Amino acid sequence: MPELAEVEVARRNVAGWWEGEAAAEVRLLDAKVLKKGSARELEEAMLRPLVAMRRRGKYLWAELEGGHAVMFHFRMTGKITCETTPQPRFARLAWRVDKTGWLTFKDSRRLGHVEVLAPGELERYDALLRMGKEPHDITVDELREAASDRRQLKSALLDQGVVAGVGNIAISELFWRLQLPPEVRCGELSQAQWEALVEEMPRYFDEIIARSMADEIAYMNEAGGENIFEVYGRKGEACPRCEEAIERVKVAGRSTYFCPACQPPVNA
DNA sequence: TAGTCTGTTAGACA
DNA sequence: CTGTCTAACAGACT
C-alpha cells in the first residue's frame, strides 16, 4: 500500500462511512496505540458528531464537534477498515457508526498511533507545522530550495519537511518514470528534470488514488495483494519499458527498485 | 528454522 | 549538513 495515496483513500472512505454522525460506541482495544490524551477524552471526542476528515502528508485526522480532533498515523501497517464486528485481528481501536458498522483502526505491527487533541492543539501540532507542501501544491522553486545540492534526491523526497507524503514506494516508481538513477543527487538534476518531477508527483499519486478507490469498490477492501507497481517489489522481473531485469539497491537506508538500463548513473 | 525483509519517523552517531 | 544505523513492533517471506 502506498503512502500519501493510501492515507487519502482512507480519508475518503472514512469520511463517507462516518459522515454527519457521532459514533454510538467507542472501544479502545489496545491502550498502547493512544500516544496522547486519555481513553476517556478519546471516547468523549468520538461520541460527538464528525465535522470533517482531513489529511496532510501521511497524517489523517477527524475533526469533531466541540473542537477536539483525533489524529491517526499509520506508519507501516496501520489502516482503517469497515467491519461487521468490533474485534477483527489486529484491531486497536473501533467505533460504531449506526449507518455503517464498526470503523476499525488496525495495525499489526503497532507502530502506528492515535492521539486525541484538545481544541487549539491541532494548530500547534509540530509535525504539521514542519511539514513541506503537498505534492499537488509545491512549485519547482520551492522544491529546489528545500533540497540542497549535495543531498541524495531520494533522501530529500523522503524528508516530510521538504515535501509531504512521499514514501519509499513512490520514490521507486517516480525515479523509474523520470529515468533517474537511485542515488542521484539534487544538484545533478537539470531544470527540465525538476519540472518533470514536480509534474509527475501529483500525477503519480492521483493515479494510485484512482486505482485504489476502484480496487476498494471491486474488492470491498482487504486487497488481494496484487502488486500494482511498475518496478517496486519486482526485482529480477523485466522492465516494462526496456525488458532489462529490475534490480534492488539500498539508498537512504531503504530498498529502491530500478532499471539499470533506463536509469543509468549520471556520470555513465 | 533462523535470518531477513517490510509502507515511517525520530534520534544517536560518525 | 550528510548518510547510516537503531529503536519502536510483529508478521510474512526465503
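Everything in the first sequence is counted per our numbering, starting at 5 for the first residue and increasing by one. Glycine residues also receive a C-beta, built at the ideal position from the N, C-alpha and C atoms. Since the model is a prediction, treat every value here as computed from it, not as a measurement.
query                                                                                                                                                                        : result
Mapping DSSP to helix, strand and coil, what is Q195?                                                                                                                        : helix
In angstroms, rounded to a whole number, what distance separates the CA positions of E192 and A150?                                                                          : 15 angstroms
Given L126, which residues of its chain have a CB within under 6 angstroms of its CB, disregarding the five upstream and five downstream residues?                           : A73
Just to confirm my understanding: we take E234, look at its own chain, exclude 5 residues before and 5 after, and list those with CB closer than 8 angstroms. What are they? : E177, W180, R181 and P244
From Y63 to E241, what does the alpha carbon distance come to, in whole angstroms?                                                                                           : 33 angstroms
Could you check whether P185 and H140 sit closer than 7 angstroms to each other, using their CB atoms as the reference points?                                               : no
Along the chain, where does the beta strand (DSSP E) that runs through M75 open and close?                                                                                   : A73 to H77
For D34, tell me which candidate among K110, A14 and R52 has the shortest Cα-Cα distance.                                                                                    : K110
Once you ignore the five residues that flank P90 on each side, which residues in its own chain have a CB closer than 6 angstroms to its CB?                                  : R31, A98 and W106
Across which residues does DSSP place T260 in a beta bridge pair?                                                                                                            : V253
Would you mind stating whether I213 and E23 have Cβ atoms separated by less than 7 angstroms?                                                                                : no
Please confirm whether E69 and R58 have their CB atoms less than 7 angstroms apart.                                                                                          : no
Which residue comes first and which comes last in the alpha helix (DSSP H) that contains L157?                                                                               : L157 to L162
What's the call for K39, buried or exposed, on a 16-neighbour Cβ count within 10 Å?                                                                                          : exposed
Quick check: the Cα distance between L8 and N271, rounded to an integer number of angstroms?                                                                                 : 32 angstroms
Going by DSSP, which residues form a beta bridge with K36?                                                                                                                   : K36 is not bridged to any residue.
State yes or no: is the C-beta of K158 within less than 7 angstroms of the C-beta of A256?                                                                                   : yes
Residues in the same chain with beta-carbon distance under 7 angstroms from W21, minus the five sequence neighbours each way, listed in chain order, please.                 : C86, V101, T104 and L107
Can you give the Cα-Cα distance for E29 and L46, rounded to whole angstroms?                                                                                                 : 11 angstroms
Express the C-alpha separation of G171 and E226 in angstroms, rounding to a whole number.                                                                                    : Any reading at E226 needs caution, since the residue's pLDDT is 45, under 50, leaving its predicted position unreliable; the model's value is listed next. Roughly 21 angstroms between the two C-alpha positions.
Cα-Cα, which of G41, K83, R154 and G71 is closest to L54?                                                                                                                    : G71
Beta carbon of M135, beta carbon of G61: below 7 angstroms?                                                                                                                  : yes
Are A168 and E203 close, meaning C-beta to C-beta below 7 angstroms?                                                                                                         : no
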